[in-house]
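2 protein chains.
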Amino acid sequence: MAKGPTVYDVAQRAGVSIATVSFTFRQPTKVRESTRELVKAAARELGYIPSANARGLAGGRTGALGVLSLDYRPAMPESDGASGSPSVDPNVDFRLFPLYIDEVQRGIEEECWRRGYAMTVAAAGSSNEAVLFDIAGRVDGLAIFSGSIGDADLRRLAERLPVVLLTGSRHDDDLSRVSVDNADGMRDLTEHLISHGLRDLQFVGSIEAADRMERFDAFRATLRAANLPVPREPLAATVAYRAMAPYLRAMTADLIARDALPEAFVCVSDEVALVVMDSLRDAGIDVPGRVAVTGFDGLVAGRLVTPRLTTVRQPMQAMGALVVQTLIERIERPNEPTVTQRLPVQLVLHESCGCPPN
Amino acid sequence: MAKGPTVYDVAQRAGVSIATVSFTFRQPTKVRESTRELVKAAARELGYIPSANARGLAGGRTGALGVLSLDYRPAMPESDGASGSPSVDPNVDFRLFPLYIDEVQRGIEEECWRRGYAMTVAAAGSSNEAVLFDIAGRVDGLAIFSGSIGDADLRRLAERLPVVLLTGSRHDDDLSRVSVDNADGMRDLTEHLISHGLRDLQFVGSIEAADRMERFDAFRATLRAANLPVPREPLAATVAYRAMAPYLRAMTADLIARDALPEAFVCVSDEVALVVMDSLRDAGIDVPGRVAVTGFDGLVAGRLVTPRLTTVRQPMQAMGALVVQTLIERIERPNEPTVTQRLPVQLVLHESCGCPPN
DNA sequence: ATGAAAGCGCTAACAA
DNA sequence: TTGTTAGCGCTTTCAT
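First to last, the protein sequences are chains S and P. For the first sequence, position 113 matches number 148 in my numbering, and the numbering has no gaps at all. For the second sequence, position 166 matches number 201 in my numbering, and the numbering has no gaps at all.
Written out as structure tokens, the structure is:
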């Protein structure tokens, strides 16, 4: 283990120059087959593993892509329905089901390796500035879930290396983005609910992030076009992520107590929808009989609950892959202009909106 | 973005030598405060981000740790209980709930950043040999989920850099391991079931991996000690991971049809237990009334089902942290002998074993 | 306290 | 086809 054989060792053992060793691995065609075999044999015998550092230094690139992900710690405290008590140990803070970010990250990971890049990850939550710049210094490009770092840091990073943002649609900066057709999805979803004959629809969840705002806007626009009452703002519009679940439960209970339930809860995300549905069930409210509930994202978890969650599915895996492709393109052609790419979404109808089981 | 400022640029701008720039960041005390500020200012103005490659090359280390994880693709095809039909789109292959590996990986990630290391990941499933050696070349140490790569590759890697295996307890090699007290946990669990008056216990699941074998052995030993019938081998003992869920469903149905259900299914893992419970529910079999079911691992998902799953919780987060600590120790002191560390597990009693709700 | 200079292991011209 | 050689950006003695 001590030192690790280098090109020099391999070259010596094979009786060739270090250039030949390098060529053998990087441009095999430039080396006569017999020589190549010789070198490979020597490398194998020595247990030679090329240093990515040296390679990167010489080549001016690291061969790795980085991901800055959010630190979604405790996911939604679901109850199991058997009791009203919280079903999650407070000392266990792991997400209850795979989130949006997990699926996208998987897409990134696969595309990375497919394209010959390594993937280095950092959860922005746990990251101080040092960590941030450490990872920036060791990758050729950075995929950033928007919201994971501050604007100032973001700008500094983007000046130094290719950066692609996941979601978010602000236009006051000049960054590449991969996003989805939030408005289309929400319009389709809302129209579908209207087609069920529902007229009193409430939007639920924080809309601080730009893409969530798009959803809310599309929701309103669709209601307006249908001459239906248009809520001025969402329920729980500004509640912080960590506080969302308890807030939603209290809110639901309150609406029930006041007999003020709408005909449908149009939730900004599946995570929100799942909590809302669970609260309703705890209270004995029939979904979708008494009130319909919809989500947005298309998490796997939405298909495991009863009734299954009607939602808008984002092509998360594809988004991850597209981020990587975009990053690599910018690495190879740094001077191209930035791009915002939107992927289509898909309306997924299940029972929570009132559709019959299929 | 183009080139990125280097120490030389910063040095020039600050009117000092490159050594001073380096010292400013690595050994600040060696530099007069005024100089330090000067350098830092220059660095900030230039947007200087140190190259991890160059740093690594010079320092003989990369500052990153790697993780080789398994490529658990389609998790368990659970049904939602509303219908017998599979509730998962075949074109969506993301795990249904966070697995053992996710929680351990989170522990690794956190400890990595805490200790100032970056974390690079590779899913072994998608990895050919090239990927394997690529990652090996870019990290100072490797955490490997056992089973993710072949023995030969494992040996080669271990010769070249510090390696710690997660779980698995073979003693025919000389590798460091982080594992848990599988036997203790299974003994406690089995004794608990016996204390419920259960006498006809069946073990379910593959025991190919060493730690799973330990669980089965402890299960048998405990039954033997209690003078109860000891199954010679588990049900589904050799079924492959991907084929497990359908196999279990068929198996359960068959046992029911033959009226051959045991009094308890002691499952090798929570994943197996969840499928078994779900199949039983689909068939209208009462758990734990007619048959008790237990798991092993302590996945979050086990607390979300009804009845909640009695299981043995592994300290997954702590395991991840310990792996990193062990790795770092070996990096700093390469000549220390390898170690196998076992962490204690905890019996978690819920309703699936027959305990009353708490 | 700061600078000069020698590498770290590899790649890629350029030579031969 | 293969070898020679000049860096890549940084750390780290060793001088000053």
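Backbone N, C-alpha and C define an ideal beta-carbon position, used for all residues, glycine too.
Anything in chain S within Cβ reach of P:E138, meaning under 8 Å, just list it in chain order.
F129
Report the option in P:T375, P:V347, P:P372 whose CA atom is closest to the CA atom of P:H385.
P:V347
Report the residues of the segment 75–91 of chain P with a CB closer than 8 Å to any CB of chain S, ordered along the chain.
G82, I84, P85, S86, A87, N88, A89, R90, G91
Distance between beta carbons of S:E298 and S:V326, contact taken as under 8 Å:
6 Å
Under the rule that 16 or more other beta-carbon atoms within 10 Å means buried, what is S:Q140, buried or exposed?
Classification for S:Q140: buried.
Looking only at its chain, what residues have a beta carbon closer than 7 Å to the beta carbon of P:S387, apart from the 5 residues adjacent to it on each side?
M312, V322, P323, A327, V328, T329, P342, R343, L344, T345
If the cut is a Cβ gap below 7 Å, which residues of chain P does S:G172 touch?
I84, P85, S86, A87
Any 3 or more C-beta pairs closer than 8 Å across the segment 254–274 of chain S and the segment 216–231 of chain S:
yes
Continuous alpha helix (DSSP H) stretch holding P:Q360: start and end:
351–367
Could you tell me which residues DSSP puts in a beta bridge with P:M154?
S:V156, P:L100
Comparing alpha-carbon positions, which option in P:D188, P:V335, P:V265 lies nearest P:S304?
It is P:V335.
So which of P:F331, P:D294, P:A285 has the shortest CA-CA distance to P:P317?
Before going further, note that residue 317 of chain P is Asp rather than Pro in the sequence given. Taking only the C-alpha atoms, the option nearest P:D317 is P:A285.
Which value, in whole angstroms, describes the spacing of the CA atoms of P:S120 and P:Q360?
With a pLDDT of only 35 at P:S120, under the threshold of 50, the placement of this residue in the model should not be trusted; the figure read from the coordinates follows. Rounded to whole angstroms, P:S120 to P:Q360 spans 46 Å at the Cα level.
From S:A275 to P:V42, what does the alpha carbon distance come to, in whole angstroms?
42 Å
By alpha-carbon positions, which one of S:T155, S:I53, S:L177 ends up nearest to S:E364?
S:L177
At a Cβ cut of 9 Å, what residues of the segment 286–311 of chain S count as close to chain P, listed as they run along the chain?
none
Please give me, in chain order, every unbroken run of the beta strand (DSSP E) with length at least 3 that falls completely inside the segment 204–275 of chain P.
For the beta strand (DSSP E) assignment, the uninterrupted runs of no fewer than 3 residues enclosed by the segment 204–275 of chain P are, from N- to C-terminal side, 211–215, 236–239.
Below 8 Å on the Cβ atoms is my guess for S:A99 versus S:V198; work out the distance and round it to an integer in Å.
Cβ-Cβ separation between S:A99 and S:V198: approximately 14 Å, too far for a contact (criterion under 8 Å).
Run through the segment 38–62 of chain P for me and flag every whole alpha helix (DSSP H) of 4 or more residues, listed as ranges in chain order.
42–49, 53–61
DSSP state of P:A327, grouped into three classes?
strand
Do you know offhand how far P:V358's Cα is from P:E145's?
Rounded to whole angstroms, P:V358 to P:E145 spans 12 Å at the Cα level.
To the nearest angstrom, how far is it from the Cα of P:A288 to the Cα of S:V380?
38 Å
Anything in the segment 350–372 of chain P with a Cβ closer than 7 Å to a Cβ of chain S? List those residues in chain order, please.
P369
Grouping DSSP H, G and I as helix and E and B as strand, with all else coil, what is P:L73?
helix
Collapsed DSSP secondary structure at S:I179 in the structure displayed:
strand
Return the first residue and the last residue of the beta strand (DSSP E) that S:T375 is part of.
375–378
Tell me the rounded alpha-carbon separation between S:V395 and S:A271.
No information on residue 395 of chain S is available, as it lies outside the stretch 36 to 393 that chain S covers here.
Just grab the DSSP bridge partners of S:V198 for me.
S:L177
P:E249: buried (16+ other C-beta within 10 angstroms of its C-beta) or exposed?
buried
Can a CB atom of chain S be found closer than 8 Å to the CB of P:M279?
No, P:M279 lies away from the interface with chain S (no Cβ there is under 8 Å from its Cβ).
Helix, strand or coil at S:T345 according to DSSP, with G and I counted as helix:
strand
Can you tell me whether S:V335 is helix, strand or coil according to DSSP?
Judged by DSSP in its simplified three-state form, S:V335 adopts helix.
So which residues on chain P does S:V156 lean against when the C-beta distance must stay under 9 Å?
E144, A153, M154, T155, V156
When the distance is taken between beta carbons, is P:V215 closer than 8 Å to P:R338?
The beta carbons of P:R338 and P:V215 sit no closer together than 8 Å.
Exposed unless 16 or more other CB atoms sit within 10 angstroms - verdict on P:S52
With fewer than 16 Cβ atoms within 10 Å of its Cβ, P:S52 is classed as exposed.
Contact set for S:A171: own chain, Cβ-Cβ below 8 Å, skip 5 residues either direction
Excluding sequence neighbours, S:A171 sits near G101, L177, L192, R195, L196.
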